[in-house]
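Visitor:
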Amino acid sequence: MKQKMNIRYLFIAVLLTGIHIQASSREGNEPDNKPAVVSVGKKAKPPSDAVVLFDKGSLEHFTGVNDNEPPQWKVNGKHFTVVPGTGNIHTREHYGDIQLHIEFKIPKDAETREGQESGNSGIYIMGKYEIQVLNSYEKTTDYNRQAGSVYNQYAPMVNACLEPGKWQAYDIVFDAPEYDESGTLVKPPYFTVFHNGVLIQNHVEVKGPTVAFNENLPENAQEGPLMLQDHDNKVSFRNIWIRKL
Ligand code: MG
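Below is the structure:
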């Protein structure tokens, strides 16, 4: 089992590396192109150059809705859970191009709820672009609003959901938008997403902020916080790490 997991994450790492090569100008043999050596994590453990945003105990990397307030979500050892009504949480630090690993668990009561009320949360990159968290295991909603969608923009390529109560993972690659000096968009953002190791978004062009984004952030920002959504459902999270690209 252990070896199976290792192979799976090695496979993801190889795929992610390949995509990055295609998406940027790493052609040729210039000194700048020398790939840095990193030690690869075991299972979903972070590689050596990742920033761990949560592994246990403390939400110190996050704030509540207001920057000065600590999050009111409930930490329970190696995971934490949305406390409905307390609002979204976001990282203190802002990020542009990133690779993100995040694990989540939909509560069992999602089985008795329907549509957008069944285990809803969300991973907002730059506080603006949501990869939907939802119970889409044997449940139907709008395809471009189901689990793994770029919310209201792109349905996932396949449905790789596990049932509520099981831990699942998103591995997300995000290319941040770029603006010129006049504030005009010169490069749109792109998402590549793996759900439980399966490719579900392949370098899709993001058509602007998704619904319910953090409107306090500047319109033309090229960096923003990682934001997790309080959608009144007790979704849990664990093992969150991020790499700046
Ligand atoms: Mg959501």
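In short: position in the sequence shown from 1, add 18, done, that's the numbering used here.
Ideal placement from N, C-alpha and C gives every residue a C-beta, glycine not left out.
Keep in mind the model is a prediction, meaning the values are calculated, not measured.
1) Who does Gly242 pair with in a DSSP beta bridge?
2) Starting from His249, follow its DSSP beta bridges and name the residues at the other end.
3) Any heavy atom of the ligand MG closer than 7 Å to the Cβ of Asn138?
4) Assuming the contact rule is C-beta atoms closer than 8 Å, Gln219 and Val211 should be a hit. Round their C-beta distance to whole Å, please.
5) Can you check which of these residues, Pro207, Pro195, Thr104, is closest to Gly82 by C-alpha distance?
6) Does any heavy atom of the ligand MG sit closer than 7 Å to the C-beta of His79?
7) Taking 8 Å as the cut-off, does the stretch 130-150 touch the stretch 184-195 (at least 3 CB pairs, one atom from each stretch)?
8) Pop quiz: Asn153 and Pro182 are said to be a contact at Cβ under 8 Å. What is the actual Cβ separation, rounded to whole angstroms?
9) Quick one: residues in its chain with C-beta nearer than 6 Å to the C-beta of Asn251, no 5 flanking neighbours on either side, listed in chain order?
10) Answer with buried or exposed for Ala187, where buried requires no fewer than 16 other C-beta atoms within 10 angstroms of its C-beta.
11) May I have the straight-line CA-CA distance separating Ile39 from Leu246, to the nearest angstrom?
12) Enumerate in chain order the residues of its own chain whose CB-to-CB distance from Ile258 is below 6 Å, with the five nearest sequence positions on each side excluded.
13) Within 10 angstroms of the Cβ of Met19, are there 16 or more other Cβ atoms? Answer buried if so, exposed if not.
14) Is Val83 near the ligand MG, judged by its Cβ being under 7 Å from some heavy atom?
15) Is Gln150 near the ligand MG, judged by its Cβ being under 7 Å from some heavy atom?
16) For Asp127, name the three-state secondary structure that DSSP assigns.
17) Are Ala178 and His213 touching if we call contact CB-CB under 8 Å?
Guide: Straight from the coordinates:
1) Within the sequence shown, residue 242 is the residue found at index 224, counting from 1. Tyr113.
2) As a first step, residue 249 is located in the sequence shown; it is residue number 231 there, counting from the start. Bridge partners of His249: none, in fact.
3) Reading the sequence shown from its first residue, position 120 is the one you call residue 138. Asn138: yes, Cβ under 7 Å from the ligand MG.
4) Here residue 219 corresponds to residue number 201 of the sequence shown, with the count starting at 1. Here residue 211 corresponds to residue number 193 of the sequence shown, with the count starting at 1. About 4 Å separates the two Cβ atoms, so the contact holds.
5) Position 64 of the sequence shown holds residue 82. Checked all of Pro207, Pro195, Thr104; the closest Cα to Gly82 is Thr104.
6) Numbered from its first residue, the sequence shown carries residue 79 at position 61. No, Cβ of His79 sits at least 7 Å from all heavy atoms of the ligand MG.
7) yes
8) For the purposes of this step, residue 153 is identified with residue 135 of the sequence shown, where counting begins at 1. For the purposes of this step, residue 182 is identified with residue 164 of the sequence shown, where counting begins at 1. Going by Cβ atoms, the distance from Asn153 to Pro182 rounds to 5 Å, so yes, they are a contact pair.
9) Against the sequence shown, residue 251 aligns to sequence position 233. Counting only Cβ-Cβ distances below 6 Å, and skipping sequence neighbours, we find Gly137, Asn138.
10) Your numbering for residue 187 matches position 169 in the sequence shown. So Ala187 ends up on the buried side.
11) Within the sequence shown, the letter at position 21 stands for residue 39. Within the sequence shown, the letter at position 228 stands for residue 246. The predicted position of Ile39 is uncertain, since its pLDDT is 45 and thus under 50; a value taken from the coordinates is nonetheless stated next. For Ile39 and Leu246, the distance between alpha carbons rounds to 29 Å.
12) As a position in the sequence shown, residue 258 is number 240, starting the count at 1. Answer for Ile258: Leu71, Phe72, Ile120, listed in chain order.
13) By 1-based counting over the sequence shown, the position of residue 19 is 1. Low confidence applies to Met19: its pLDDT is 48, below 50, so where it sits in the model is not reliable enough to give any reading.
14) The residue labelled residue 83 in the question sits at position 65 within the sequence shown. No, the Cβ of Val83 stays beyond 7 Å of every heavy atom of the ligand MG.
15) On the sequence shown, position 132 is the one that residue 150 refers to. Yes; taking the cut-off as 7 Å, the Cβ of Gln150 has a heavy atom of the ligand MG nearer than that.
16) The count along the sequence shown starts at 1 and reaches residue 127 at position 109. Residue state, collapsed to three classes: helix.
17) In the sequence shown, residue 178 corresponds to position 160, counting from 1. In the sequence shown, residue 213 corresponds to position 195, counting from 1. Yes, Cβ-Cβ distance for Ala178 and His213 is below 8 Å.
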